[in-house]
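See structure below.
Residue numbers (my numbering): 69 to 475.
Below, the structure is given as structure tokens:
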């Protein structure tokens, strides 16, 4: 039996992808795009032969051996089989299939590219003054230079960067919504503006269009704008890496959505990823369960009193519409707080104002020195800017601090 790496270079990588169940989505002169499940891979031809990379890590070029290893690692083997036994068995099967060998597939049609090739760069073109986008002027200098491009269809593209600062996709402005572009690795990356020499703050948004509108309204200097399309360990890890590099203590959160509740839910979710945070969040279709350490007696007492006042007001308001309080219904929409082994357990209804109350209370009594939460008075910052951009506001501008979350 051959050692499983000795003839791996003879394998025709595009054919191997098809053999392992990947679907060919796109065929270009310089690359092939394959997909299987939620995984996207790019095959290229280099001086070292066929290689591929995943869309979340364009900087990491892989060979056929890596693809075989990744494939068999998800397969059940025999009782005594370890990973290398499964790799060797798959290798034997592949190498004995003549249709999977380069010798039987001489013309791939792929042009040779450099080892640092990244197909995402081919999707974009520079902003043009004559284009339909309104971003041309603001993208010529300052924080957004090199951070906005155009797609072939003329839609604005905002590049997403992974932890290694490689472009691994784009946000695409479709007019009514901002969405991931094509096979972009939205769950492994974020967008951020240029980093100035002096940094006074990091401002975090749901998407880059919100950051642009915010900048148009406030024209802040010496700040970095960031946008997370997805909140998970990978994206927040990049955020905190940037925070460490820039040595900025305070983070400004300004998540928004089509409605207020979307922004507050994202606020709450982000708080669970804060470094050192022990806040835990779980949910059902009707409620959210939040758990975090009680902290000082003073912090807990203030949070508890604030929630108690909210629940009392909820019952009083109910009486304005009914003669008798329906306790079961009231309990469903109240915020319930309890202690459990030094932790606070909070049960929240999935309702905008209730979530806002908890976010504000936690921010006020537990995080006030490290985080500020900013919210527009409109549904989002783009609408906020549109509502005020044509008004004569000279001398009447509302200062930034007036947009801090308040109850």
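Don't be surprised by glycine CBs; every beta carbon is placed ideally from N, CA and C. Since we're looking at a predicted model, the values are computed, not measured.
What is the rounded straight-line gap between the Cα of residue 156 and the Cα of residue 141?
Numbered from 1 along the chain shown, position 88 holds the residue referred to as residue 156. Numbered from 1 along the chain shown, position 73 holds the residue referred to as residue 141. C-alpha separation (whole angstroms): 12 Å.
Over what stretch of residues does the alpha helix (DSSP H) that includes residue 395 continue unbroken?
Within the chain shown, the letter at position 327 stands for residue 395. Residue 395 -> alpha helix (DSSP H) spans 395-401.
Could you spell out the range, first to last residue, of the beta strand (DSSP E) harbouring residue 335?
As a position in the chain shown, residue 335 is number 267, starting the count at 1. Not the beta strand (DSSP E): residue 335 falls in the alpha helix (DSSP H), residues 328-339.
So is residue 33 buried or exposed if we call it buried at 16+ other beta carbons inside 10 Å?
Limits of the chain in this structure are 69 at one end and 475 at the other, which puts residue 33 out of reach.
Can you tell me whether residue 440 is buried or exposed? The criterion is at least 16 other CB atoms within 10 Å of its CB, across all chains shown.
Taking the chain shown and counting its residues from 1, one reaches residue 440 at position 372. Buried is the call here.
Starting from residue 411, follow the beta strand (DSSP E) in both directions and report where the run begins and ends.
For the purposes of this step, residue 411 is taken as residue 343 along the chain shown, with counting starting at 1. Where residue 411 is concerned, the enclosing beta strand (DSSP E) stretches over 411-417.
Assuming residue 338 and residue 349 form a contact by the criterion Cβ under 8 Å, report the distance between their Cβ atoms to the nearest whole angstrom.
Position 270 of the chain shown holds residue 338. Position 281 of the chain shown holds residue 349. Not really, about 10 Å apart at Cβ, beyond 8 Å.
Is the separation between the beta-carbon of residue 267 and that of residue 315 shorter than 9 Å?
Sequence index remark: in the chain shown, residue 267 carries index 199 (1-based). Sequence index remark: in the chain shown, residue 315 carries index 247 (1-based). Taking 9 Å as the Cβ cut-off, residue 267 and residue 315 qualify as a contacting pair.
With a threshold of 16 other CB atoms inside 10 Å of the CB of residue 277, please say whether the residue is buried or exposed.
As a first step, residue 277 must be located in the chain shown, where it is residue number 209. Buried: at least 16 other Cβ atoms inside 10 Å.
Assuming contact is defined by CB atoms lying nearer than 9 Å, are residue 358 and residue 416 in contact in what I supplied?
For the purposes of this step, residue 358 is taken as the residue at position 290 of the chain shown. For the purposes of this step, residue 416 is taken as the residue at position 348 of the chain shown. Yes, Cβ-Cβ distance for residue 358 and residue 416 is below 9 Å.
Compare the C-alpha of residue 212 against each of 153, 152, 282, 106 and name the closest.
Taking the chain shown and counting its residues from 1, one reaches residue 212 at position 144. Out of 153, 152, 282, 106, 282 has the C-alpha closest to the C-alpha of residue 212.
On the premise that residue 178 lies in contact with residue 83, defined as a C-beta separation below 8 Å, what is that separation, rounded to the nearest angstrom?
On the chain shown, position 15 is the one that residue 83 refers to. On the chain shown, position 110 is the one that residue 178 refers to. About 13 Å; that fails the 8 Å criterion.
How far does the alpha helix (DSSP H) with residue 109 in it reach, from first residue to last?
Position 41 of the chain shown, counting from 1, holds the residue named residue 109. Residue 109 -> not in any alpha helix (DSSP H); beta strand (DSSP E) instead, spanning 107-114.
Which residues in the same chain as residue 76 place their Cβ atom closer than 6 Å to its Cβ, once the five residues preceding and following it in sequence are excluded?
In the chain shown, counting from the first residue as 1, residue 76 sits at position 8. Counting only Cβ-Cβ distances below 6 Å, and skipping sequence neighbours, we find 132, 133.
Quick check: the Cα distance between residue 280 and residue 228, rounded to an integer number of angstroms?
Along the chain shown, one-based indexing puts residue 280 at 212. Along the chain shown, one-based indexing puts residue 228 at 160. Looking at the two C-alpha atoms, the distance is approximately 15 Å.
Leaving aside the five residues before and after residue 419 along the sequence, list all residues of the same chain whose C-beta is less than 8 Å from its C-beta, in chain order.
Counting from 1 along the chain shown, the entry for residue 419 is found at position 351. Excluding sequence neighbours, residue 419 sits near 329, 401.
Starting from the Cα of residue 382, find the closest Cα among 153, 404, 224, 306 and give me that residue.
As a first step, residue 382 is located in the chain shown; it is residue number 314 there, counting from the start. Closest by alpha carbon: 404.
Taking C-beta to C-beta, are residue 162 and residue 136 nearer than 9 Å?
The residue labelled residue 162 in the question sits at position 94 within the chain shown. The residue labelled residue 136 in the question sits at position 68 within the chain shown. Against a cut-off of 9 Å, the Cβ pair of residue 136 and residue 162 comes out as a contact.
Going by the DSSP bridge assignment, what does residue 258 pair with across the sheet?
Counted from its first residue, the chain shown places residue 258 at position 190. Answer is 229, bridged to residue 258.
Please confirm if the stretch 444-454 is in contact with the stretch 280-299, defined as three or more CB-CB distances below 8 Å between the two stretches.
Look at the beta carbons and you see the stretch 444-454 touching the stretch 280-299: at least three pairs across the two are nearer than 8 Å.
State the Cα-Cα distance for the pair residue 413 and residue 240, rounded to the nearest angstrom.
On the chain shown, residue 413 is found 345 positions in, with the first residue counted as 1. On the chain shown, residue 240 is found 172 positions in, with the first residue counted as 1. Looking at the two C-alpha atoms, the distance is approximately 39 Å.
Quick one: Cα of residue 370 to Cα of residue 434, how far?
Taking the chain shown and counting its residues from 1, the one referred to as residue 370 is at position 302. Taking the chain shown and counting its residues from 1, the one referred to as residue 434 is at position 366. Spanning the two alpha carbons is a distance of roughly 10 Å.
Quick one: give me the first and last residue of the beta strand (DSSP E) that residue 159 is part of.
Counting from one through the chain shown, the residue named residue 159 turns up at place 91. Where residue 159 is concerned, there is no enclosing beta strand (DSSP E), although the alpha helix (DSSP H) it sits in stretches over 151-163.
Which partner residues does residue 351 have in the DSSP bridge list?
Within the chain shown, the letter at position 283 stands for residue 351. Bridge partners of residue 351: 356.
How many Å lie between residue 424 and residue 102 at the Cα?
On the chain shown, position 356 is the one that residue 424 refers to. On the chain shown, position 34 is the one that residue 102 refers to. Taking the straight line from one Cα to the other gives about 43 Å.
Ignore the nearest five residues each way along the sequence and tell me which others in residue 387's own chain have a CB closer than 8 Å to its CB.
Taking the chain shown and counting its residues from 1, the one referred to as residue 387 is at position 319. Correct list, in chain order: 393.
On the three-state DSSP scale, how would you describe residue 246?
Reading the chain shown from its first residue, position 178 is the one you call residue 246. Looking at residue 246 - three-state DSSP - the assignment turns out to be strand.
Which residue marks the beginning of the beta strand (DSSP E) containing residue 407, and which one marks its end?
Residue mapping note: residue 407 aligns to position 339 of the chain shown, counting from 1. Run containing residue 407: 404-408, per the beta strand (DSSP E) assignment.
What residue range is occupied by the uninterrupted beta strand (DSSP E) comprising residue 277?
Walking along the chain shown from the start, residue 277 turns up at place 209. Boundaries around residue 277 are those of the alpha helix (DSSP H), 276-286, since no beta strand (DSSP E) includes it.
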